[in-house]
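First the structure, in the form of structure tokens, and then the observations on it.
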DNA sequence: GGCGGAATCCGTGGCAGCACCCATCCCGGA
DNA sequence: TCCGGGATGGGTGCTGCCACGGATTCCGCC
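Residue numbers (my numbering), protein chains in the order written: chain A, 104 to 322; chain B, 104 to 322.
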């Protein structure tokens with residue numbers, strides 16, 4: 104009998120060493136084949152244009168275009184392509200954002216290699232994959248929020264707010280940001296206040312860590 | 104003729120997926136064998152105690168004990184063991200700190216898999232390994248500093264200062280830090296000022312990014 | 001056509017971050 | 001022995017962060 108064709112995978116991560124390792128893991132499975140590698144989100148989109156891709160495995164934090172941004176664009180341009188996001192961080196905020204960005208799965212880099220392979224297969228079977236660690240963490244978080252009567256998924260930042268977060272996390276002052284964006288200092292402060300409220304944070308250091316987790320800037 | 108025995112490697116990285124990939128890369132070389140894996144610096148030290156290790160490949164940023172801290176301890180306890188530090192970041196500051204911590208090599212995760220293998224071999228031959236990207240960057244930096252008549256290697260933080268950096272980067276206020284360390288707020292501010300001067304930085308957001316790069320905290 | 005949300009701007013005010021000056025104590029190395 | 005550096009504490013003052021109130025415009029959606 105004929106076996107089903109191997110899943111054609113696009114792999115994107117900004118670290119060549121990690122890319123190579125993950126590729127070895129995936130290629131050792133007969134039903135998974137990495138057909139293209141990208142070092143950032145923009146390159147991933149370009150490669151997705153010229154290659155026939157079944158599945159894109161994208162690191163969340165990449166220069167130029169983050170994995171989340173690339174996922175949004177990719178799912179818009181070719182909805183048939185499945186997307187799996189790789190993340191360093193176990194954070195429900197990003198998990199929900201990943202789903203919103205069109206990803207079918209979200210896998211932590213801290214998990215074992217078997218889980219990644221299983222996630223690829225689950226996503227190709229059109230089953231959403233949730234890694235077990237996230238499942239418990241998400242359920243705990245969900246139950247806590249429901250118990251406190253909060254609306255659950257939490258807030259996402261607008262494009263403008265994301266822009267401001269990026270600049271704040273780069274260490275720019277409000278005045279500098281105002282000059283760069285050609286808006287008033289007060290508006291920058293208003294944005295910052297809204298962002299801090301949305302993310303339930305207190306100051307710029309926490310925003311900096313958020314921006315790094317989200318892949319908006321590099322440490 | 105008998106071939107030389109394979110190098111016994113301890114591999115430490117907090118991401119199981121990365122660990123697995125790097126292990127595949129190393130194990131595919133006949134002269135390199137990963138005999139133990141650790142998920143953080145403390146576990147790495149414990150494993151180095153019970154295994155016969157020729158070479159430790161340590162990620163710089165790990166929870167509990169960072170790769171730099173583990174390297175310091177490991178080179179003190181068993182100077183014969185070679186140490187190779189893996190880093191996400193191309194930063195001369197960390198490069199020098201790595202050497203000071205007793206490492207024989209410093210490899211970026213952005214480099215190709217061949218370079219890691221070559222670095223392992225070079226280190227085992229007692230040749231210090233410097234990846235080409237760093238070489239040019241370090242030389243450029245070096246020449247700039249010499250041209251400006253500065254003392255070159257730059258400053259390293261004291262243990263106390265490192266402690267303060269960690270708390271600042273976690274988003275604590277000066278008052279909170281003072282309470283935690285049972286010192287005056289003024290002393291915290293004095294430490295912060297010294298740290299900012301040493302690292303040639305401006306504010307807490309940059310310190311936050313520094314702490315993440317150094318593996319003192321997780322994003 | 002109203003309604004909500006995003007983006008823009010303004011004022012007031014407190015407190016913290018940060019700069020620059022100062023001092024003391026202790027310890028280890030020249 | 002003295003010197004230097006680290007850790008500690010203090011004073012003064014400016015600037016910027018951040019909270020709190022308000023406002024307008026525009027746009028898309030029901």
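Ideal Cβ positions, reconstructed from N, Cα and C, are used throughout, including at glycine.
Using the DSSP secondary-structure output, state which residues sit across from residue i in a beta bridge.
i: residue 190 of chain A; result: A/211
i: residue 56 of chain B; result: Outside the shown range of chain B (104 to 322) lies residue 56 of chain B, about which nothing can therefore be said.
i: residue 137 of chain A; result: A/112
What's the call for residue i, buried or exposed, on a 16-neighbour Cβ count within 10 Å?
i: residue 322 of chain A; result: buried
i: residue 160 of chain A; result: buried
i: residue 291 of chain A; result: buried
i: residue 300 of chain B; result: exposed
i: residue 268 of chain A; result: buried
i: residue 249 of chain A; result: Note that residue 249 of chain A has pLDDT 48, beneath the 50 cutoff, so the model's placement of it is unreliable and the number below is only indicative. Residue 249 of chain A comes out exposed.
i: residue 175 of chain A; result: buried
i: residue 218 of chain B; result: buried
i: residue 230 of chain B; result: exposed
i: residue 303 of chain A; result: exposed
Enumerate in chain order the residues of its own chain whose CB-to-CB distance from residue i is below 6 Å, with the five nearest sequence positions on each side excluded.
i: residue 132 of chain B; result: 220
i: residue 208 of chain B; result: 187, 222, 226 and 232
i: residue 164 of chain B; result: 318
i: residue 139 of chain B; result: 113, 150 and 154
i: residue 254 of chain B; result: The pLDDT assigned to residue 254 of chain B is 45, lower than 50, so where the model puts this residue is not dependable; a value taken from the coordinates is nonetheless given after this. Excluding residues within five positions, none has a Cβ falling inside 6 Å.
i: residue 280 of chain A; result: 270 and 291
i: residue 141 of chain A; result: 115, 147 and 150
Looking only at its chain, what residues have a beta carbon closer than 8 Å to the beta carbon of residue i, apart from the 5 residues adjacent to it on each side?
i: residue 178 of chain B; result: 184, 186, 204, 205 and 206
i: residue 216 of chain B; result: 128
i: residue 143 of chain A; result: 115, 117, 165, 166, 167 and 168
i: residue 109 of chain A; result: 133, 134, 135 and 136
i: residue 305 of chain B; result: 299
i: residue 294 of chain A; result: 263, 264 and 267
i: residue 283 of chain B; result: 270 and 275
Using CA coordinates, which residue listed in the options is at the minimum distance from residue i?
i: residue 260 of chain B; options: B/296, B/138 and B/227; result: B/296
i: residue 210 of chain A; options: B/121, B/263 and B/294; result: B/121
i: residue 171 of chain B; options: B/229, B/198, B/151 and B/156; result: B/198
i: residue 181 of chain A; options: A/305, A/156, A/164 and A/169; result: A/156
i: residue 266 of chain B; options: B/306, B/310 and B/300; result: B/310
i: residue 228 of chain B; options: B/316, B/158 and B/301; result: B/158
i: residue 263 of chain A; options: A/279, A/298 and A/230; result: A/298
i: residue 191 of chain A; options: B/119, B/224, B/319 and B/287; result: B/119
i: residue 135 of chain B; options: B/141, B/152, B/305 and B/224; result: B/224
i: residue 202 of chain B; options: B/307, B/173 and B/212; result: B/173
i: residue 271 of chain B; options: B/320, B/303, B/230 and B/286; result: B/320
Within 8 Å: the Cβ of residue i and any heavy atom of the ligand NAD?
i: residue 209 of chain B; result: With respect to the ligand NAD, the structure offers nothing, as it holds no ligand at all.
Give the C-beta separation of residue i and residue j to the nearest angstrom, bearing in mind that I take them to be a contact with Cβ-Cβ under 8 Å.
i: residue 145 of chain B; j: residue 113 of chain B; result: Going by Cβ atoms, the distance from residue 145 of chain B to residue 113 of chain B rounds to 13 Å, so no, they are not a contact pair.
i: residue 125 of chain A; j: residue 124 of chain B; result: 5 Å
i: residue 315 of chain A; j: residue 315 of chain B; result: 6 Å
i: residue 307 of chain A; j: residue 312 of chain B; result: Incorrect: roughly 11 Å between the Cβ atoms, too far for contact.
Quick one: what's got a C-beta closer than 7 Å to residue i's C-beta in the same chain, skipping five residues either side?
i: residue 162 of chain A; result: 115, 116, 117, 170 and 189
i: residue 278 of chain B; result: 288
i: residue 137 of chain B; result: 112, 114, 126, 129 and 130
i: residue 274 of chain A; result: none
i: residue 276 of chain A; result: none
i: residue 200 of chain B; result: 171 and 259
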